[in-house]
Structures are given as C-alpha cells and as structure tokens.
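Each remark here refers to the structure printed beneath this line.
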Ligand SMILES: N[C@@H](CCC(=O)N[C@@H](CS)C(=O)NCC(=O)O)C(=O)O
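In the numbering used here, the protein residues as written are 100 to 300.
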C-alpha cells in the first residue's frame, strides 16, 4: 500500500505513526495538495492528504477512515472492537483532528494579507484550541481512554495535533500551561513512531 501526503500534515503524521506502531510496511509518496503541479487529485477528488492507496489502486480518505482500516490489519489494535470504548477512541481521535482543524484555520487565515484577515475568525478558532487543550489535559490526567502507558488512537491523534501546533503556532505554549500535557507529550515523543515522523525543520 502507498500513503500519499506531506511530512508536515498532522493528519498524515497520525497515519504514519499508526503504521509504525503497527509495524506495517508502506510506500510514502510525498505530495502536498498546495503545490501547483500536485498529483493529489488523482487520488482524492477533494485534493486533501492523507490518502491511502491500496495495492489494487483503490483510494481511502480521510485520515479517520484510513486509521479505521489500518486497525483491522495485523499488529496491535488501537480501536476497541465495540461499545462505548470504541466510541471513546473515535471521539479522542476527533478531538485531535479538531485541534488540527482549528490550528490550520488560524495558520491559513494568517497567510492572507493583513487587511483581509478576520480577527473574529481567528479568535473563534483560538477559543476552540484553548478549550480543547483544557479537555485534553483533563482526559490525559484521568487516564481513562488516553494518557496510559500504551498509547491509544486518541493519544496518537492528539499528539500529532499538539506537535503540529508547536511547529506552526509556537506562541500557544501548551507545554508551559498544562503540566499534564507536558509529561504526556514527553513520553509520546520518545516513541520511535513519533521520533521517526517529526516534521522537517
Ligand atoms: N479531515 C481530513 C483533513 C485533511 C486535510 O485537511 N489535509 C490538509 C493537509 S494538512 C490538506 O490536504 N489540505 C488541502 C486543502 O484543504 O485544500 C483528514 O482527516 O484527512
């Protein structure tokens, strides 16, 4: 199978970390949907990454669909089979993806020329981020579905989102503001699956 995506995308990193944690082999086709000559629309009509291309050419997107599929393949399981435990794992993944969505919305808005930026829109996304960081810190500290020694899907998704925030919106300082997140992040980033998928400087 082939993964299409960029090394800076938090959603792509989530998939790469899961592939590494499960020990699954894949080919990485490095592509950004923002390049003028991008080939991503060949794989996803929405021109977004990640896309997982199966051996018969079928394409899977978005990242939540890909993680659900990968979890059915051999290796350790990251999504419980059923019930509220399964819903919790998917919810925690949605929290991570939502943090990435809000961060990317700010990042893209700030790329517009200053007079065209909407401060109210940026503030709305920032409110989501602040509330999500508080919720994540609480979940990690409680250790019910995240924050345990063996990372769950939510740890992977939220970890990738927070490391992306640090990379693109470093002024957020989530490590300084949430001690629970600092120690949790330090544990995650020591794992080979995270260390080997750091975005390029
Ligand atoms: N919900 C999607 C989000 C994917 C996404 O927005 N990827 C970004 C890269 S970080 C992208 O390709 N953006 C291009 C665009 O929005 O046109 C997922 O989880 O896969």
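For glycine and all other residues, C-beta sits at the position ideal for the given N, C-alpha and C.
Backbone CA spacing between residue i and residue j [nearest angstrom]
i: residue 116; j: residue 293; result: 6 Å
i: residue 166; j: residue 114; result: 6 Å
i: residue 248; j: residue 285; result: 12 Å
i: residue 267; j: residue 277; result: 19 Å
i: residue 241; j: residue 298; result: 29 Å
i: residue 102; j: residue 232; result: 29 Å
Identity of the residues DSSP links to residue i by a beta bridge
i: residue 259; result: Residue 259 is not bridged to any residue.
i: residue 151; result: 102 and 159
With 16 other Cβ atoms within 10 Å as the buried cut-off, status of residue i
i: residue 171; result: exposed
i: residue 133; result: exposed
i: residue 262; result: buried
i: residue 130; result: buried
i: residue 154; result: exposed
i: residue 230; result: exposed
i: residue 220; result: exposed
i: residue 104; result: buried
Continuous alpha helix (DSSP H) stretch holding residue i: start and end
i: residue 293; result: 291-294
i: residue 120; result: 109-121
i: residue 221; result: 218-241
i: residue 140; result: 139-142
i: residue 275; result: 273-276
Chain B contact for residue i (CB, 8 Å cutoff)
i: residue 238; result: Absence of chain B from the displayed structure is noted, only one protein chain being present.
Residue range of the unbroken beta strand (DSSP E) whose run includes residue i
i: residue 207; result: Careful: residue 207 lies outside any beta strand (DSSP E), inside the alpha helix (DSSP H) at 182-210.
i: residue 129; result: 126-129
Residue i Cβ short of 7 Å to ligand 1 heavy atom set
i: residue 110; result: yes
i: residue 148; result: yes
i: residue 202; result: no
i: residue 160; result: yes
i: residue 163; result: yes
i: residue 196; result: yes
i: residue 238; result: no
i: residue 132; result: yes
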